[in-house]
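One structure is given here, and the rest of the page talks about it.
Protein chains: 2
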Amino acid sequence: MKASRFFIGTLKEAPADAEIVSHKLMMRAGMIRRVAGGIYDYLPIGLRSIRKVEAIVREEMNRAGALELLMPAVQPAELWQESGRWEKYGPELLRLKDRHDRDFVVGPTHEEVVTDIARREIKSYRQLPVNFYQVQAKFRDEIRPRFGVMRGREFIMKDAYSFDKDRAGLQVSYQKMFDAYVRIFTRLGLEFRAVVADNGSIGGSGSHEFHVIAETGEDAIAYCPTSDYAANVEMAEALPPQGERPAAAEAMTKTATPGKAKCEAVAELLSIPLTRTVKSIVLATDSEDTGTQVWLLLLRGDHELNEIKASKVPGLGELRFASEAEIVEWFGTPPGYLGPIGTKKPVKLVVDRSVAHMSDFVVGANEKDFHITGVNWGRDLPEPEIVADLRNIVAGDASPDGKGEIALCRGIEVGHVFQLGTKYSDAMNATFLDENGKPAPMEMGCYGIGITRILGAAIEQNFDDRGIIWPESIAPFEVVLCPMGYDRSDAVRAAADKLYEDLVAAGIDVILDDRGERPGVMFADWELIGVPHRVVIGDRGLKEGKIEYQGRRDTQAQLLDAASVAEVVIGRVRPAKAV
Amino acid sequence: MKASRFFIGTLKEAPADAEIVSHKLMMRAGMIRRVAGGIYDYLPIGLRSIRKVEAIVREEMNRAGALELLMPAVQPAELWQESGRWEKYGPELLRLKDRHDRDFVVGPTHEEVVTDIARREIKSYRQLPVNFYQVQAKFRDEIRPRFGVMRGREFIMKDAYSFDKDRAGLQVSYQKMFDAYVRIFTRLGLEFRAVVADNGSIGGSGSHEFHVIAETGEDAIAYCPTSDYAANVEMAEALPPQGERPAAAEAMTKTATPGKAKCEAVAELLSIPLTRTVKSIVLATDSEDTGTQVWLLLLRGDHELNEIKASKVPGLGELRFASEAEIVEWFGTPPGYLGPIGTKKPVKLVVDRSVAHMSDFVVGANEKDFHITGVNWGRDLPEPEIVADLRNIVAGDASPDGKGEIALCRGIEVGHVFQLGTKYSDAMNATFLDENGKPAPMEMGCYGIGITRILGAAIEQNFDDRGIIWPESIAPFEVVLCPMGYDRSDAVRAAADKLYEDLVAAGIDVILDDRGERPGVMFADWELIGVPHRVVIGDRGLKEGKIEYQGRRDTQAQLLDAASVAEVVIGRVRPAKAV
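Protein sequences, first through last, are from chains A and B. Residue numbering for the first sequence follows our numbering, starting at 1 and increasing by one per position. Residue numbering for the second sequence follows our numbering, starting at 1001 and increasing by one per position.
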């Protein structure tokens, strides 16, 4: 490509609404333009990177045996009513009526449409397994779209859906997609982790998210640096402490803690570590038969409640936080001084694994401005009946796989693999005839990759103060040639044209900047755009048989022999293919 | 591709709602499935053909210097309000509201969005010309979607938009796109014609439609078999007859024609050719200043009024058909016996070129059950003042380019190139600074290709009673290998696998039917699907060193030497590359 025939729309300043670096740089590099909130044009330079991501995704999906098809963006409401999501999905689902007043949606995802295909087309177990995928613009009506392509409303997604005859088959299909995703993100040149994920609202069981690691990531990830364990912090299991519980050493003592309603304040007052304090969290569950049940959850003072984990304690599935009136009624005191000893009414006690291992700890006295110190299980309180993992994992905890200590990082979710099971096939009656001629529901998996989001995530992971630093695989161009005086010097023009032709012939995606801009403007543009390899051709160098090369991450340029520059550049762009 | 790992969804019967052959065959071949009226899934086999069309379109657009970008499907209403189309577009525009109650549309076309890009990005004449294109799913809420992909609601379109600094530049951009379209449809292997088209509702001036020629086409095309002239019948000029008007030979006579209100009936009663009769068509125009004006248009009895042409007669721009009451008031008789002689009130006479050349003709007498025969210009009527081309061209008319006689055919519109001029740039204030530093509106062109429609049109042009006959360029597979007993015979399997590998290595898009179906089922499936080249490998042939080949249009198979079959097949698929 010659720059004079291309469209380059770089900007000096990012617009005021661009909050994060990827949004700013994509705007400034002329990759995207805002059309409406969360809705963007992808200008030619942005689309080039999108197409490169799409090509890698397609190759790996095809290699994994998935079949590409294309489903409509506009979908009839009837299918969503069948699955139950017409009611459940909420305002992120963009609903509309056609000219005949029939209900439709602009698809945010395609489980319903693909299940409809499967139930019509798949009659027999002999047609299974099958995995259909598509690459398509989706719409989710985010309440507050922002961060450019990271949280847009219209975005490009690869979505795949597997159909199997049984759970074992689903596991195989799932693993194939998991492996394909690992290959995809590896080929994209991104640092990423596959993390164990929560089911989310989509339902079903078994799920991994693929996160691009970046300090600015929205999600906290717990991982083990000495193994491949990784999970969303919310999902990572906090193991029970190892060893015996220390023996009681202190007497139980009611202690005045005036105005110290927080564990941190109590620990400071008493000059003890926060890890000796226990916080009391009051939850409630409601039942038509038995009325309201109050629950008391005990966590170590430095730990945080994980509501998802709490909701998995039998009986706590529909938990809510207790009201202040309920707390006063059951504990006789407002929050801040609550504890398991001497409650006004009997409460159900649920004890975090860490707390169950503590001795000589501090709890509230159920009396304003008082705590109890030196509390011990089996002496001051019965041994806990319900012990559970109730808290978020923290750095330094043992890794759940037993292979080291947990560290925390932040990530940007760019992919998701998910075992749906029979959620949709049951709801929509997608059955096949099994080996015994009996109808059975298909076991489904769904597998998404946020194509446009990957661009933002790649930038959040790879940038400097001059602009984007693209991985080679998805850079809009692999090499830029910057001739100094292309319109003035015959020698420069000839050398640049020759190099351009050599690189094109070698299949390198090269742009020749023949716009006639000053060197400063050229360099700033291509550093902002993030082209990985830059070659500068000037009269001065040519006189000495030299051409200048600089990688986007290099701190300074290198002089290469003009005669072999094509060969060297090709070798840098495609190390595996280098001669 | 191996068929066992692919999805083949052929059907014995087409659904009842499939009216035309392409719709039936695309359903039966498993290319598309209906999701809602005019909304389809493209199954893997259908998507393969779509992708091949898209690839050719992209190559030729890029070659012509157009730059691919991607605009959103969901567009804010504000842009459509600026252009005025929010009011004008009518119910085909799918309108919707987002969660914040803001108005949007699902884009049927992208003039507004692209003009918005141009006005923001293009500041100077130095940035012009530029041509942006995209390939994308569009939505038009057709009142009666039908004919499968031929008149769907959601469809894939390539739309391009050129921006130039002046009209001369627009002509150049337009011609580039015209030439690119000729290359595209030629490469697609379709018989097509570029026809002069009407402006349509989009506005502007200068337009060609590209039609795939097919008997089932919706549009009538007038073309000259001995030149490259072609136009929509509505647009083709009917030249004035050559030579002198024949001299009057008959006396004017009032003749009883009881109950003969049509020219055909009058001609039959009087035993004269229909070409001697003249029909009278009464139009009216309304003006606030001068009230209603009645016009009488005279056409030869065998010709048809062309309203578009009539509306171009000065004063007839806002024509309407006269009511029966108006006709009685002005002519003194109801329709059926009207004529230019003896009207009750003076009417404005507009005479078709053919009628102006007639002598001894027959008109209505403005009296029920009577006509006048032997009428002549300059004797019974003054020489006509207003003579115009008022009729549709018919077969045998002189070609407007003077290079032969007109023939008629039918076509399916698959592409449209259009000079918009400054319609959108004026409305949306898309200006640039010209060479003199003065703001000027950009001259725009728009250029569409119906990607999914091309599949239907290709089938309407190429099918037989066994199924589709794809042009090589867009067939879902170029070659199918049908082994007889792939699962039973080692020799067959080995020969089929070897041939498969040789063809894959040569870059041929081949499918090996390893499903284990009976030969009859295999052959029927692949003839229905329309794969251009079929190779049958069987034990009997192999024993004699032979393999069977049959082209989709061939009436019988040929035996080829097994040793050279790959070479021969490659040569048939890619004749230019044959050794």
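C-beta atoms are modelled at their ideal positions from N, C-alpha and C, and glycine is treated no differently.
Non-local beta-carbon contacts of residue 1545 of chain B in its own chain, meaning distances under 8 Å to residues more than five positions away in sequence, involve 1561, 1562 and 1563 in chain order. A buried status is given to residue 1041 of chain B, since no fewer than 16 other beta-carbon atoms sit within 10 Å of its beta-carbon. Residue ranges of uninterrupted alpha helix (DSSP H) with 4 or more members, entirely inside the stretch 395–478 of chain A and ordered along the chain, are 423–427 and 451–461. In this structure residue 1540 of chain B is exposed. Its beta-carbon is surrounded by fewer than 16 other beta-carbon atoms within 10 angstroms. The Cβ-Cβ distance between residue 1278 of chain B and residue 1301 of chain B falls below 8 Å. Taking all protein chains in view, the Cβ of residue 382 of chain A is surrounded by fewer than 16 other Cβ atoms within 10 Å, so the residue is classified as exposed. Rounded to the nearest whole angstrom, the CA to CA distance from residue 1072 of chain B to residue 35 of chain A is 8 Å. Neighbours of residue 71 of chain A across chain B, judged by C-beta separation under 7 Å: 1041. Around residue 1068 of chain B, the beta-carbon contacts reaching into chain A at under 7 Å are 44 and 47.
The beta carbon of residue 1135 of chain B sits closer than 8 Å to those of 1054, 1057, 1058, 1068, 1156, 1157, 1158 and 1451, all from its chain and outside the five residues before and after it, given in chain order. Residue 222 of chain A places its beta carbon 8 Å or farther from that of residue 79 of chain A.
Residue contact check for residue 1015 of chain B against chain A: no CB pair falls below 8 Å.
One alpha carbon belongs to residue 1325 of chain B, the other to residue 1331 of chain B, and they sit about 10 Å apart. 1137, 1139, 1141, 1143 and 1154: these are the residues of the stretch 1137–1168 of chain B whose beta carbon lies less than 7 Å from some beta carbon of chain A, given in chain order. Under the three-state reduction of DSSP output, residue 1319 of chain B falls in the coil class, being neither helix nor strand. Excluding five sequence positions before and after residue 1552 of chain B, the CB atoms of its chain that fall closer than 6 Å to its own CB belong to 1469 and 1532, given in chain order. Think of a sphere of 7 Å around the beta carbon of residue 121 of chain A: the chain B residues whose beta carbon falls inside it are 1009, in chain order.
Taking the Cα of residue 1394 of chain B as reference, the smallest distance to any Cα among B:1402, B:1406 and B:1131 is reached at B:1406. At least one C-beta of chain B is nearer than 8 Å to the C-beta of residue 130 of chain A. Taking a cut-off of 8 Å for Cβ pairs, the stretch 395–405 of chain A and the stretch 86–104 of chain A do not touch, as fewer than three such pairs fall below it. Beta-bridge annotation (DSSP): residue 75 of chain A is paired with A:105. Taking a cut-off of 8 Å for Cβ pairs, the stretch 1257–1272 of chain B and the stretch 1339–1357 of chain B do not touch, as fewer than three such pairs fall below it.
The C-beta of residue 477 of chain A comes no closer than 8 Å to any C-beta of chain B. Residue contact with chain A for residue 1075 of chain B: present (Cβ-Cβ distance below 8 Å to some residue of chain A). Within the stretch 1077–1109 of chain B, those residues whose Cβ lies closer than 7 Å to any Cβ of chain A are, in chain order, 1091, 1094, 1096, 1098, 1099 and 1106. Residue 106 of chain A places its beta carbon 8 Å or farther from that of residue 132 of chain A.
Going by DSSP, residue 1062 of chain B is part of the alpha helix (DSSP H) stretching over 1044–1063. Taken through DSSP and simplified to helix, strand or coil, residue 1212 of chain B comes out as strand.
Identification of residues in the stretch 491–516 of chain A having a C-beta nearer than 8 Å to some C-beta of chain B yields an empty set. Neighbours of residue 453 of chain A in chain B, taken as residues whose beta carbon is under 7 Å from its own, are absent, since the nearest beta carbon is some 15 Å off. Per DSSP, the beta-bridge partners of residue 295 of chain A are A:283 and A:348. Between residue 1036 of chain B and chain A, the shortest Cβ-Cβ separation is below 8 Å. For residue 1056 of chain B, there are no C-beta contacts with chain A under 7 Å, since the nearest C-beta of that chain is about 17 Å from it. At a beta-carbon threshold of 9 Å, the residues of chain B lying near residue 113 of chain A are 1035 and 1041, ordered along the chain. At a C-beta separation below 7 Å, residue 1006 of chain B has these neighbours in chain A: 67.
In the three-state DSSP reduction, residue 153 of chain A falls in the coil class, being neither helix nor strand.
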